[in-house]
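Read in this note's numbering, the sequence shown has 254 at position 254, and its numbers run on one by one without any break.
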Amino acid sequence: MKEDYKLAKKKADKAVRDAIREGRSPYLPVLDTIEEVKNAKTRKSLGLMELPISRIKGNKEAGRNSAFANNFMPLFEENTEFAQKWSALYDSYKVEGIRDAIKVYEYMNQYYVQEGNKRVSVSKFGGTEYILADVTRIIPPKDDSDEIVAYYEYMDFHRVTKNFLIVFSEPGMYKKLAELLGQDLENPWPSDLCSDLRSAFFRFSKVVGKELKIENEYTLSSAFLMYLCIFPLKTFDEDSDAQILKNIRLARYELMAEGGADDVEFLNEAPEEVKQSGFLGIFSKEKKYTQTSPLKVGFVYDVDPDSSRWVDSHEAGRLYVDAMTEDNVVTGAYFAHDIGSTADALEKAVADGNEIVFATLPDMSMDVLRAAVKHPEVKFLNCCMGQSNPSIRYYHGKIHEASFLMGIYAANTYLLDYGDEEGRRIGYLSREKSAMAMSNLNAFAVGVSLIDPDCKVVVRNADEGYNNSKWSDEGIKMFADIEYPSEASTMDRPGLYRLDGGKFVHIGTSYFNWGKYYLQIVKSVLNGTWNLGDVINRHMSTNYWFGLSTGVVDIRTPNIPYQTEKLLAFMRNAITSGGLDPFTGEIRAVGGKTVKDENKSAVSIKWINENIEGSYGG
1 MKEDYKLAKK KADKAVRDAI REGRSPYLPV LDTIEEVKNA KTRKSLGLME
51 LPISRIKGNK EAGRNSAFAN NFMPLFEENT EFAQKWSALY DSYKVEGIRD
101 AIKVYEYMNQ YYVQEGNKRV SVSKFGGTEY ILADVTRIIP PKDDSDEIVA
151 YYEYMDFHRV TKNFLIVFSE PGMYKKLAEL LGQDLENPWP SDLCSDLRSA
201 FFRFSKVVGK ELKIENEYTL SSAFLMYLCI FPLKTFDEDS DAQILKNIRL
251 ARYELMAEGG ADDVEFLNEA PEEVKQSGFL GIFSKEKKYT QTSPLKVGFV
301 YDVDPDSSRW VDSHEAGRLY VDAMTEDNVV TGAYFAHDIG STADALEKAV
351 ADGNEIVFAT LPDMSMDVLR AAVKHPEVKF LNCCMGQSNP SIRYYHGKIH
401 EASFLMGIYA ANTYLLDYGD EEGRRIGYLS REKSAMAMSN LNAFAVGVSL
451 IDPDCKVVVR NADEGYNNSK WSDEGIKMFA DIEYPSEAST MDRPGLYRLD
501 GGKFVHIGTS YFNWGKYYLQ IVKSVLNGTW NLGDVINRHM STNYWFGLST
551 GVVDIRTPNI PYQTEKLLAF MRNAITSGGL DPFTGEIRAV GGKTVKDENK
601 SAVSIKWINE NIEGSYGG
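(1) As a quick exercise: from 442, 74, 134, 367, pick the residue whose alpha carbon is nearest that of residue 50.
(2) Which same chain residues, not among the five before or five after residue 426, have their C-beta less than 8 Å away from its C-beta?
(3) On the CB-based measure, 16 or more other CB atoms within 10 Å of its CB, does residue 119 come out buried or exposed?
(4) Can you list the alpha helix (DSSP H) stretches of 4 or more residues lying completely in the stretch 95-134, in chain order?
(5) In the DSSP assignment, what residue or residues form a beta bridge with residue 430?
(6) Taking the beta strand (DSSP E) that residue 589 belongs to, which residues open and close that run?
(7) When the Cβ atoms of the stretch 88-101 are set against those of the stretch 19-34, are three or more pairs found closer than 8 Å?
(8) When DSSP builds the beta bridges, which residues end up paired with residue 503?
(9) My output table needs one value for residue 412: the three-state DSSP class, helix, strand or coil.
(10) Counting only the same chain and skipping the five closest in sequence on each side, list residues whose C-beta sits under 7 Å from that of residue 6.
(11) Taking the straight line between their C-alpha atoms, what separation do you get for residue 198 and residue 161?
(12) Taking 8 Å as the cut-off, does the stretch 152-161 touch the stretch 172-192 (at least 3 CB pairs, one atom from each stretch)?
(13) Whose C-beta lies closer than 8 Å to the C-beta of residue 245 among residues of the same chain, with five residues either side of it excluded?
(14) With DSSP collapsed to three states, give me the class of residue 145.
(15) Does residue 465 get closer than 8 Å to chain B when you measure Cβ to Cβ?
(16) Tell whether a beta-carbon distance below 8 Å holds between residue 254 and residue 389.
(17) Any idea what DSSP makes of residue 209, helix, strand or coil?
(18) Considering only heavy atoms of the ligand NAP, does any lie closer than 7 Å to the CB of residue 145?
(19) If I'm right that residue 612 touches residue 441 with Cβ under 8 Å, what's the distance once you round it to whole angstroms?
(20) Given that a residue counts as buried once 16 or more other Cβ atoms are within 10 Å of its Cβ, and exposed if not, what is residue 347?
(21) Might you give, ordered along the chain, the residues of its own chain that have their beta carbon closer than 8 Å to the beta carbon of residue 437, omitting 5 neighbours on each side?
(22) Less than 8 Å separating the beta-carbons of residue 171 and residue 143?
(23) Apply the 10 Å Cβ neighbour rule to residue 109 and answer buried if 16 or more other Cβ atoms are within range, or exposed otherwise.
(24) When you compare each of 99, 297, 496 to residue 404 by their alpha carbons, which one comes out closest?
(25) Along the chain, where does the beta strand (DSSP E) containing residue 455 start, and where does it finish?
(26) Inspect the CB distances between the stretch 315-324 and the stretch 387-402 and report whether three or more fall short of 8 Å.
(27) Given a cut-off of 8 Å, decide if residue 380 and residue 331 are closer than it, judged by their beta-carbon atoms.
(28) Beta carbon of residue 352, beta carbon of residue 288: below 8 Å?
(29) Would you identify the three-state DSSP class for residue 294, choosing helix, strand or coil?
(30) With a Cβ-Cβ cutoff of 8 Å, do residue 11 and residue 71 count as a contact?
(31) In the DSSP assignment, the beta strand (DSSP E) including residue 335 goes from what residue to what residue?
(32) Helix, strand or coil for residue 492, going by three-state DSSP, please let me know.
(33) Given this structure, state the Cα-to-Cα distance separating residue 84 from residue 130, to the nearest angstrom.
(34) Would you call the stretch 234-249 and the stretch 501-521 touching, i.e. three or more CB-CB distances under 8 Å?
(35) Measuring alpha carbon to alpha carbon, tell me which of 566, 369, 115 ends up nearest residue 61.
Here's what the structure looks like:
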């Protein structure tokens with residue numbers, strides 16, 4: 001009917017006006033004009049698919065592209081042959097729907113029409129959500145960009161599940177989804193699981209779309225993954241739509257977080273106390289803690305301090321809080337291996353009335369997230385870095401700053417002891433593979449190269465059974481064992497070791513002073529600065545990121561020459577004053593490639609400094 005076409009054209013005209021006003025193209029994007037597509041030679045037929053119309057972004061070719069606005073509504077005047085054909089197709093659609101499949105090309109999770117753009121147009125105008133499509137995939141050349149890596153992971157996911165609805169833009173998210181469901185990206189998933197996943201995504205999309213107004217497919221998929229992290233897939237069989245809505249409202253800040261660097265707020269020091277006095281102080285809503293009503297603080301560990309240098313350092317921090325606070329603060333330790341599991345330990349800490357709960361291992365993050373959403377009245381903190389969950393605050397120490405100083409100390413001591421002999425090498429024992437461990441290794445190596453550009457840092461892995469005698473066998477006279485692995489793997493004394501009289505002697509170490517960290521955070525609750533509005537954004541994830549300037553990390557180097565002490569003091573002061581960062585200035589990775597500034601963040605390092613030899617990873 002002509003009235004239908006008039007209304008459709010009216011929508012097209014509005015889309016054109018809006019696009020011009022906003023500086024966007026009023027027409028549909030054309031796949032063949034994308035430069036990268038011209039270099040993508042590989043094609044793969046995917047067959048017939050029930051495709052969400054919202055995922056159809058444009059046309060394959062430029063021909064007739066001017067017939068549609070960028071919302072697929074028709075632009076030609078009502079008296080044209082095109083308008084008559086569109087109207088006839090719409091009349092047929094209202095009676096029997098769309099019978100024939102359209103032909104589309106998929107590129108990077110977006111779909112472009114080659115045949116059937118009028119069918120897409122009338123279907124979209126009529127409110128149809130899905131359309132039958134014969135799909136051909138255009139596969140881009142492989143490279144190491146996040147976008148391409150994520151897309152290749154999507155292809156693996158689609159191959160094992162046949163699910164094309166869930167789309168992520170960040171690498172690792174499909175692997176995370178697979179791990180949550182006990183699967184991988186190599187072997188086909190059970191058909192029942194694939195069906196349950198698809199059904200759950202449909203239900204979630206329906207409810208979350210109304211509640212949070214999420215339309216972008218990437219944001220929707222990320223929110224779905226976060227929901228599954230908190231509420232397992234099986235709950236979709238048990239929960240009503242009303243309960244799912246309740247869950248979504250409970251976890252809305254988590255679901256709306258995009259998970260990128262922009263969602264993380266790094267605090268380099270605790271907010272300062274706000275002084276309230278006089279008339280305004282009378283109306284302060286901050287809770288007052290006393291001996292009879294103390295602030296309870298729980299610390300959750302996986303194992304006993306006696307079996308882990310990591311846990312031992314955190315337990316020392318808890319005891320420091322006890323020593324430095326009065327009777328209005330009470331701390332308690334909860335050991336997951338004694339109680340049952342991390343989740344059990346967290347629940348017990350909540351049941352015991354702890355208002356602050358520190359979960360001391362990065363591996364506890366998922367259990368902490370579930371507990372934080374379930375118990376919003378409790379302040380949960382997790383010792384992990386670079387995470388973007390607003391319900392939790394994360395904390396870690398800039399131990400790489402101390403590692404940098406240890407590298408300077410090691411190279412300087414080596415030159416003083418052994419001179420400029422040929423083939424200078426300092427060993428480095430790697431105990432785990434993580435972003436934090438990699439930043440420590442690189443910072444140590446950068447410190448070494450600053451003093452002695454020709455000295456190599458030789459990495460060996462602890463799981464290969466490296467010990468002092470093996471270092472000696474390689475002719476290495478000094479090595480660093482300065483990592484604090486979060487798993488219970490060692491209680492060996494951390495530090496820098498030098499060969500002296502046929503045996504290795506401990507000459508210094510970098511260390512965490514978790515007590516100062518914990519005390520600052522506890523005091524922020526006591527003095528009312530925990531929720532400072534101008535510092536803490538409720539919709540973002542807060543990451544405490546304390547370093548040398550706060551005393552949370554430092555080095556201990558007894559009995560050193562005063563010249564070396566002056567050198568280390570100078571470098572420490574440069575860091576604490578903000579004038580120096582271990583990764584500022586020109587840095588070259590293995591192979592001589594200069595590291596770009598945007599890749600120097602200590603929480604996401606993916607490069608190895610050029611003076612490092614050996615295989616990295618514990």
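From the three backbone atoms N, C-alpha and C, an ideal C-beta is built for every residue, glycine too.
Quick answer:
(1) 134
(2) 410, 411, 414, 448, 455, 456, 457, 458, 476, 478, 479, 480
(3) buried
(4) 117-125
(5) 461
(6) No beta strand (DSSP E) holds residue 589; DSSP gives it neither H nor E.
(7) no
(8) 500
(9) helix
(10) 78
(11) 10 Å
(12) yes
(13) 207, 211
(14) coil
(15) The question asks about chain B, but that chain is absent: this structure has only one protein chain.
(16) yes
(17) helix
(18) For the structure depicted, the ligand NAP is absent and the ligand set is empty, with no information on it obtainable.
(19) 7 Å
(20) buried
(21) 430, 431, 483, 485, 618
(22) no
(23) buried
(24) 496
(25) That residue, residue 455, is in no beta strand (DSSP E); it is neither H nor E in DSSP.
(26) no
(27) no
(28) no
(29) coil
(30) yes
(31) 329-335
(32) coil
(33) 24 Å
(34) no
(35) 115
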